[in-house]
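**Q** Below you'll find the structure I mean.
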Amino acid sequence: MTTFYESVSTNVERVARLLDIEDDVRILLAEPYRQVDVQVPIHADDGSVLSFRGYRVQHNGARGPFKGGLRYHPNTDLDEVQALASLMTWKCAMLDLPFGGAKGGMTLDPAALSPRELEAATRSFTNAISGVIGPNLDILAPDVNTDARVMGWVMDAYSSRAGWSPAVATGKPIDLGGIPGRVEATGRGVVAVAAATLTALGRSLVGQRVIIQGFGNVGRHVAQIAAEQGAVIVGVSDVSGGRHIREGVDVPALLAEVKPGTLLKEVEIGDFVTNAELLALDCDVLIPAALENAIDTTNAADVRAQLVVEAANHPVSLEADASLSEGGVIVVPDILANAGGVTGSYFEWTSNLTEFRWSEDQFNTQLLDFMDRAFQVMWERHLERGVDLRTAAYMVGIARVAEAVRLRGLA
Ligand code: NAD
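Here our numbering is used: the first residue of the sequence shown is 2, the next is one more, and so on.
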């Protein structure tokens, strides 16, 4: 079976060849620059010692300091972190942000740890990788099962060694140098890209029946913002299963009832569906916002949406991507669709380096501007070259990174 990293690398290799990138450069784009795999020991609440594995992969830094999220999940491994780091390289370049790509992860189940244990694990991991991160070296951010609180601990652990360094992590609490708008930014960007795609296709987001898989930071904000813009949310799910509401859910009421930490199987809204059933429901737009490979060869043929917008990273497997495309389903790739998060992180990093505060209005205006410009560049490439949207986005990102590699004399 193709691993997650092999899938991403297959796309990179395919598009690099399409762009006729010379072998010397292609070799440098194909491999991670640096990867660390560390032991993360903590004292558990009962006095025993627990030890986790932690990873930080820095994929390519030709265009700027490495940048990428930190994920806590029982299935996280080096292959997953390598794949996510590579995606960050192309995503930052697609948005023309001055960053390279990185990702971090720890193999742990945060639900099995107390808040004190989670904090200890975060501090232990940050200390273990502190030699290879920093405001001008590698900057962390939230991802699956990590949030502003975790970023505050990362920032504090790093700053206790290096001095006040808010710019070592983004997605922090506002009082620690976070920026208003960042929490919603990934979801806001997903909705902006969905709306831009529909407009380019001669349609509109208003009245579109939308299904969202994953109801965490990204999925919740996609639901809220898409509904505010006139979409009809007919299904949502989390790890416990989903709810199907044919006539469209009252999103503010749903968000009020399903607070973070509440599972959708526990609420009485619409009909319960499994995640497999959710993906096969009738809708116009499907937004996978949970984990990688949610749509694979076992369920791609069931997808009834005409448009899939990848809010999660790599939610469509390589093989499923081909099958959706054969079936005429348009897929908007992760490296553009969910790039609102890293774009918002770029604003936060900039604000930390300059110690100048942004208003939420400024943040949202700039965010939509960045997303719109990136969408237009991808769409033009798609039309010019007659390629699908994923290929077009990779062409933009890979060409920019390759040029930085050449200009720096790295190859
Ligand atoms: P999160 O931890 O806040 O939420 C994840 C959600 O997915 C939860 O609702 C969880 O119950 C659900 N889920 C987990 N396993 C599932 C399964 N097997 N089936 C269905 N649902 C499942 O994470 P998040 O920050 O919202 O990230 C979601 C995705 O978006 C990830 O792929 C992440 O890499 C990507 N992403 C996040 C950001 C960000 O700013 N947080 C930015 C870019 C991309």
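Even glycine gets a Cβ: it sits at the ideal position worked out from N, Cα and C.
Verify whether the separation of the beta carbon atoms of Gly-102 and Phe-126 is less than 8 Å.
**A** Within the sequence shown, the letter at position 101 stands for residue 102. Within the sequence shown, the letter at position 125 stands for residue 126. No.
**Q** So what's Pro-261 in DSSP terms, helix, strand or just coil?
**A** Residue 261 sits at position 260 when you count from the first residue of the sequence shown. Pro-261 falls in the coil class under three-state DSSP.
**Q** In whole angstroms, what is the alpha-carbon distance linking Leu-411 and Val-402?
**A** As a working mapping, residue 411 is identified with position 410 in the sequence shown. As a working mapping, residue 402 is identified with position 401 in the sequence shown. For Leu-411 and Val-402, the distance between alpha carbons rounds to 11 Å.
**Q** Assign Thr-275 to buried or exposed, taking buried as 16 or more other Cβ atoms, counted over all protein chains shown, within 10 Å of its Cβ.
**A** Sequence index remark: in the sequence shown, residue 275 carries index 274 (1-based). That one is exposed.
**Q** Along the beta strand (DSSP E) that carries Met-107, what are the first and last residues, could you check?
**A** As a working note, residue 107 is residue 106 in the sequence shown. Its beta strand (DSSP E) spans residues 101-108.
**Q** Does the distance between the C-beta of Ser-52 and the nearest non-hydrogen atom of ligand 1 fall short of 7 Å?
**A** For the purposes of this step, residue 52 is identified with residue 51 of the sequence shown, where counting begins at 1. For ligand 1, not one heavy atom lies less than 7 Å from the Cβ of Ser-52.
**Q** For Pro-66, which three-state DSSP category applies?
**A** The count along the sequence shown starts at 1 and reaches residue 66 at position 65. Pro-66: coil per DSSP, three-state reduction.
**Q** Heavy atom of ligand 1 less than 7 Å from the Cβ of Asn-425, yes or no?
**A** Past the edges of the chain, shown from 2 to 412, lies residue 425, and the structure says nothing about it.
**Q** Name the two residues that bound the continuous beta strand (DSSP E) containing Tyr-56.
**A** Here residue 56 is taken as the residue at index 55 of the sequence shown, counted from 1. Tyr-56 -> beta strand (DSSP E) spans 50-61.
**Q** Kindly identify the DSSP beta-bridge partner or partners of Ala-113.
**A** Stepping through the sequence shown from its first residue, residue 113 is reached at position 112. Note: Ala-113 sits in no beta bridge, so no partner.
**Q** Taking just the CA atoms, how far does Phe-273 sit from Asp-239?
**A** In the sequence shown, counting from the first residue as 1, residue 239 sits at position 238. In the sequence shown, counting from the first residue as 1, residue 273 sits at position 272. Straight-line Cα distance between these residues: approximately 11 Å.
**Q** Is it a yes or a no for the segment 334-346 touching the segment 177-186, going by three-plus beta-carbon pairs under 8 Å?
**A** Segments in contact, yes.
**Q** So what's Ala-170 in DSSP terms, helix, strand or just coil?
**A** Counting from one through the sequence shown, the residue named residue 170 turns up at place 169. Reduced to three states, the DSSP call for Ala-170 is strand.
**Q** Could you tell me the distance, in whole angstroms, from the CA atom of Ser-160 to the CA atom of Glu-320?
**A** By one-based count along the sequence shown, residue 160 stands at place 159. By one-based count along the sequence shown, residue 320 stands at place 319. Straight-line Cα distance between these residues: approximately 44 Å.
**Q** On the criterion of 16 or more Cβ atoms from any shown chain inside 10 Å, does Lys-104 qualify as buried, or is it exposed?
**A** If you number the sequence shown from 1, residue 104 lands on position 103. Its Cβ being crowded by 16 or more others within 10 Å, Lys-104 is buried.
**Q** In chain order, what are the residue ranges of uninterrupted alpha helix (DSSP H) at least 4 long that sit wholly in the segment 150-211?
**A** Complete alpha helix (DSSP H) runs here, min 4: 183-201.
**Q** Grab the span of the beta strand (DSSP E) containing Val-397 for me, first residue to last.
**A** Position 396 of the sequence shown, counted from the start, is the residue given in the question as residue 397. Element bounds for Val-397: not the beta strand (DSSP E) but the alpha helix (DSSP H), 390-408.
**Q** Considering only residues of the same chain and omitting the five flanking positions on each side of Ser-324, which have a CB-CB separation below 6 Å?
**A** The residue given as residue 324 occupies position 323 in the sequence shown. Result list for Ser-324: Ala-301, in chain order.
**Q** How is Tyr-6 classed by DSSP in three states: helix, strand or coil?
**A** Taking the sequence shown and counting its residues from 1, the one referred to as residue 6 is at position 5. Of the three classes helix, strand and coil, the one that applies to Tyr-6 here is helix, per DSSP.
**Q** Using beta-carbon positions only, say whether Ala-232 and Val-211 come within less than 8 Å of one another.
**A** Your numbering for residue 232 matches position 231 in the sequence shown. Your numbering for residue 211 matches position 210 in the sequence shown. Against a cut-off of 8 Å, the Cβ pair of Val-211 and Ala-232 comes out as a contact.
**Q** Let me check understanding here. Comparing Cα to Cα, which of Asp-335, Asp-110, Ser-52, Leu-98 lies closest to Ala-129?
**A** If you number the sequence shown from 1, residue 129 lands on position 128. That would be Ser-52, whose Cα lies nearest to the Cα of Ala-129.
**Q** Give the secondary structure of Arg-247 by DSSP, where H, G and I count as helix, E and B as strand, and everything else as coil.
**A** Walking along the sequence shown from the start, residue 247 turns up at place 246. Arg-247: coil per DSSP, three-state reduction.
**Q** Please classify Gln-1 as buried or exposed, where buried requires at least 16 other C-beta atoms within 10 Å of its C-beta.
**A** Missing from the structure shown is residue 1; the chain here goes from 2 to 412 and no further.
**Q** At the level of alpha carbons, what is the spacing between Leu-280 and Val-194?
**A** Here residue 280 refers to the residue found at position 279 when the sequence shown is read from its first residue. Here residue 194 refers to the residue found at position 193 when the sequence shown is read from its first residue. Each residue's alpha carbon lies about 21 Å from the other.
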